[in-house]
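A quick write-up on the structure given underneath.
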Amino acid sequence: MNTLATHAPVLLIAVPLLGAFATPLVGKLGRGARDLFVGLIVALTAALAGLLAADFFAGSGVPSIYVLGGQGLSIPLPSGMTVPIRILFEVDGMSAFMTLITALVTLAGAYFSFSYWRERSGGSMYFSLLLLLTAGIFGMELTGDMFNFFVFLEITSIAACGLIGFRVWLKKSQEAGFKVMTLYTLSGLFVLLAVALLYGQHGALNMAFIASQIGTLGVTVVDKIALGLLLTGLAMKAGAVPMHMWAPDAYGEAPAPTSAILVANSQASLYAVFRVLFTLFGIGASIATNGWILIVLAVLTIFVGVTMALVQNDLKRLIAYGAVSQIGYMLLGVGVGLVRRASLVVGGAALADKATALDYGFVAMQGGIFHMLNDAACIGLLFLTSGAVIRASGTRDLNKMGGLAHRMKWTTVFFIIGAFALAGIPPFNGFASKFLIYEASFKLSPFLSVIAILSSIMLLAVFVKAFQGAFLGPKVGLAVDAEEAPLGMLVPMAVLALVVIAFGLFPGFFVDTIVTPAAKALWYGRDAYIGAVLGGG
Amino acid sequence: MNVGNFPFVIAALLVVFGLYALLFKRNLIKMVIGVSLVETGVNLFLVMLGYRSDGAAPIYTYANAGERMVLPTPQALTLTSIVIGLATTALLLSFAVFVHGHYGTLDVRKIKELRG
Amino acid sequence: MGGISSGFGAWNPIAWTLLFLGVLVIGFFVRSRGRKDYKRGTDQTQPFLSGNAEPETAEALHVRGENLYWGMVHGLAEYYERVRAWHTGILNDYVAWFIGALGLVFVILFWIG
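Residue numbers (this note's numbering), protein chains in the order written: chain A, 1 to 537; chain B, 538 to 653; chain C, 654 to 766.
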């Protein structure tokens, strides 16, 4: 049955790609035509992502594949087995969840850019790079093939660094662009090395095939080297400490709406870490070690991220360190889940039985995965608000701003909502996911829970500092005649704030509908993932 | 001819030299060369995965019947990777040009305004 | 409608919001029972800065963002000196941390795990 939803995986990549290359042409017709065109493309992409998610989550929940090529073409291998020649997209619960996050953040970021980008030239290139970044992120989330993943990873690296260094008249953005590009390229090369090792070991690039081979043959030394390279390279792109130092430079120097989309980029790399750890290497005696690596990285990230945020004077670097810290919460939730899953597998329990709210490993995974969505919405909201603040006060230094709350009331309210939600204050959505992470990690080790809670409180302190510096007090400097942000900036902020409030007031509905299938897809969905591609078994 | 493990050793050496350049060299251009060396090492590794002893180029036209061929897939992967490497090196070098224009120097130890 | 439950806890934001509104109502009720001889705009509402004169310009009056939490940063000074010193801006150090973490992950994977 061929509906639009079955073609959604490839359309989600093709539509932004078409938009990216057509935008400079349409831009020749003028600014209004370009804005209209980009707005249509982004709206269409978001609608496709919503359609894909609705089709998956309301449907059977079985992973579905989308194949380019391959139906009649097969090549015989020397062993006699025939392998179809094709490119594969595979949609399971976690992929569908990630596409929702990316669609939300891209929608908000692109529509905010229409009012934010006020330079007279270069706008077409800016939107072109933005759509290219979006296409790359969707590709990373939907692909079922390791080398295809590497290609999309590099697409996002190049587009992201192009956006970071876009404003070439600013000194620091060029420095940030060079540093981030070097690190992204190096991590991409390590990922390629790992893909090459896996190809040499197993003879295929298809994730499901490699997963089934590792399942039947066990994990060899070459597989372990590949695992180490993939884990570190992708965790670096996600922003785990101690490899996080590019993140404040990148998020701080990119234009404000782009910082929000760069957070979605980091989360897509985090999704890839989870895909590698749960689906590719999810069987074997040593998966507990992988979980503990994640937990160590998580604790470091949470603590160093938030403490470094406290001493920043630049508003966007402060929010960037907060974003780094939140990545640690996602790593913590999923790491605890992985450790618990390892002990269940070794103990011989059936994983499907334990996929309820009664097992702390599954609850931790729900918390970590739900936090990805909450963090994307909250950090997106905070970056957009910071864009409005920087426009109004003309500076990024917290020591030179002040008193914006007198005139910019809506921006203040949105900043408070984003800050409270991220710090985990009830009743916003950050509390719902952090509640799950605190309770579940407490059962593994109380120390983890203590670090998580204390860092949440310190994050509130960080945002109180930013709030005081930017909004409270008498009007200072350019804030004397600052006005409220234009409507084109307020509406995307309002959309994200609405998401924050809605997910906070009705967490049960969203956890049951969206998060639990994603967590289940990682927890025990490995066989279903492999079966969708290799058929049967 | 049997090449043994020699190309893999060379690929590993290239990666190590590239990492050395990235870690210990100060000039921005030398760091870009380091990235390029790592990429060359990985590409060499990727191509060597397909090699079969006494294999011919994987082209069916005018090939002898039953001839042994090297695997074509790694060659396709390497071509893709080389093109990606071209794009990243171009972007890195253009950033280096702008950095030099703003800072006046290519010494990475002096280009540290973004710190802390 | 709406709560989530972890293994041994539950969270229902609708119930929490209703409770919060109830507490706000009680708070406003208590406030309304207070003194009514409070006049705005007179000396009763001027800020008291320990007897000092209020600064004239806005720049002198505003507590800057950097000045908040100086006590906490001062208390954790040993931690901050070390960790801030690690965040040099130098690209070689960024790559060094990356390779170091890679080495550590390999050690954990092969030696311990």
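All residues carry an ideal CB built from backbone N, CA and C; glycine is no exception.
Leaving out five residues before and five after residue i in sequence, what residues of the same chain have Cβ atoms less than 6 angstroms from its Cβ?
i	result
residue 549 of chain B	none
residue 309 of chain A	318, 321, 322, 462
residue 403 of chain A	473, 474, 475, 476, 479
residue 528 of chain A	63
residue 460 of chain A	423
Cα separation between residue i and residue j?
i	j	result
residue 45 of chain A	residue 246 of chain A	29 angstroms
residue 431 of chain A	residue 421 of chain A	7 angstroms
residue 750 of chain C	residue 243 of chain A	6 angstroms
residue 90 of chain A	residue 728 of chain C	51 angstroms
residue 151 of chain A	residue 191 of chain A	10 angstroms
residue 471 of chain A	residue 716 of chain C	11 angstroms
residue 218 of chain A	residue 286 of chain A	11 angstroms
residue 263 of chain A	residue 380 of chain A	8 angstroms
residue 671 of chain B	residue 224 of chain A	This structure does not reach residue 671 of chain B, given that chain B is present from 538 up to 653, and the question cannot be answered.
residue 526 of chain A	residue 211 of chain A	8 angstroms
residue 414 of chain A	residue 546 of chain B	57 angstroms
residue 544 of chain B	residue 292 of chain A	36 angstroms
residue 298 of chain A	residue 394 of chain A	36 angstroms
residue 700 of chain C	residue 466 of chain A	23 angstroms
residue 88 of chain A	residue 280 of chain A	16 angstroms
residue 676 of chain C	residue 687 of chain C	17 angstroms
residue 632 of chain B	residue 661 of chain C	53 angstroms
residue 707 of chain C	residue 731 of chain C	36 angstroms
residue 557 of chain B	residue 571 of chain B	7 angstroms
residue 220 of chain A	residue 760 of chain C	16 angstroms
residue 447 of chain A	residue 456 of chain A	14 angstroms
residue 495 of chain A	residue 405 of chain A	21 angstroms
residue 167 of chain A	residue 154 of chain A	21 angstroms
What does the Cβ neighbour count give for residue i, buried or exposed, with the cut at 16 atoms within 10 Å?
i	result
residue 249 of chain A	buried
residue 773 of chain C	Any answer about residue 773 of chain C is impossible in this case: the structure gives chain C only from 654 up to 766.
residue 3 of chain A	exposed
residue 179 of chain A	buried
residue 738 of chain C	exposed
residue 85 of chain A	exposed
residue 746 of chain C	buried
residue 601 of chain B	exposed
residue 510 of chain A	buried
Leaving out five residues before and five after residue i in sequence, what residues of the same chain have Cβ atoms less than 8 angstroms from its Cβ?
i	result
residue 539 of chain B	590
residue 52 of chain A	5, 8, 9, 12, 91, 96, 99
residue 301 of chain A	239, 240, 241, 244, 324, 325, 327, 328, 331
Pull up the CB-CB distance for residue i and residue j, whole angstroms please, since I reckon it's below 8 angstroms.
i	j	result
residue 130 of chain A	residue 113 of chain A	7 angstroms
residue 364 of chain A	residue 345 of chain A	Contact doesn't hold; Cβ gap of about 16 angstroms is too wide.
residue 551 of chain B	residue 574 of chain B	6 angstroms
residue 158 of chain A	residue 238 of chain A	Contact doesn't hold; Cβ gap of about 18 angstroms is too wide.
residue 273 of chain A	residue 226 of chain A	Rounded, the Cβ-Cβ distance is 13 angstroms, inconsistent with contact.
residue 370 of chain A	residue 436 of chain A	7 angstroms
Quick one: what's got a C-beta closer than 7 angstroms to residue i's C-beta in the same chain, skipping five residues either side?
i	result
residue 57 of chain A	96, 513, 514, 517
residue 320 of chain A	247, 248, 251, 252
residue 141 of chain A	95, 98, 99, 102, 268, 271
residue 537 of chain A	Bear in mind that a pLDDT of 38 at residue 537 of chain A, under 50, signals an unreliable position, so the number given afterwards is only what the model happens to contain. The residues are 531.
residue 124 of chain A	23, 24, 27, 34
Should residue i be flagged as near chain B, meaning a C-beta pair shorter than 9 angstroms?
i	result
residue 737 of chain C	yes
residue 742 of chain C	yes
residue 716 of chain C	no
residue 529 of chain A	no
residue 213 of chain A	no
residue 524 of chain A	no
residue 749 of chain C	yes
Tell me, please, whether the CB atom of residue i is closer than 9 angstroms to any CB atom in chain A?
i	result
residue 618 of chain B	yes
residue 729 of chain C	yes
residue 690 of chain C	no
residue 576 of chain B	yes
residue 611 of chain B	yes
residue 683 of chain C	no
Comparing the C-beta of residue i with each C-beta of chain C, is any distance below 9 angstroms?
i	result
residue 360 of chain A	yes
residue 537 of chain A	Only weak support is given to the placement of residue 537 of chain A: the predicted model assigns it a pLDDT of 38, under 50, and the value that follows is read from those uncertain coordinates. No, its Cβ sits nowhere closer than 9 angstroms to a Cβ of chain C.
residue 179 of chain A	yes
residue 504 of chain A	yes
- Query: For the region 151-165 of chain A, which residues have a CB atom closer than 8 angstroms to at least one CB atom of chain D, in sequence order?
  - Reply: Structure shown: chain D not included; protein chains present are A, B and C.
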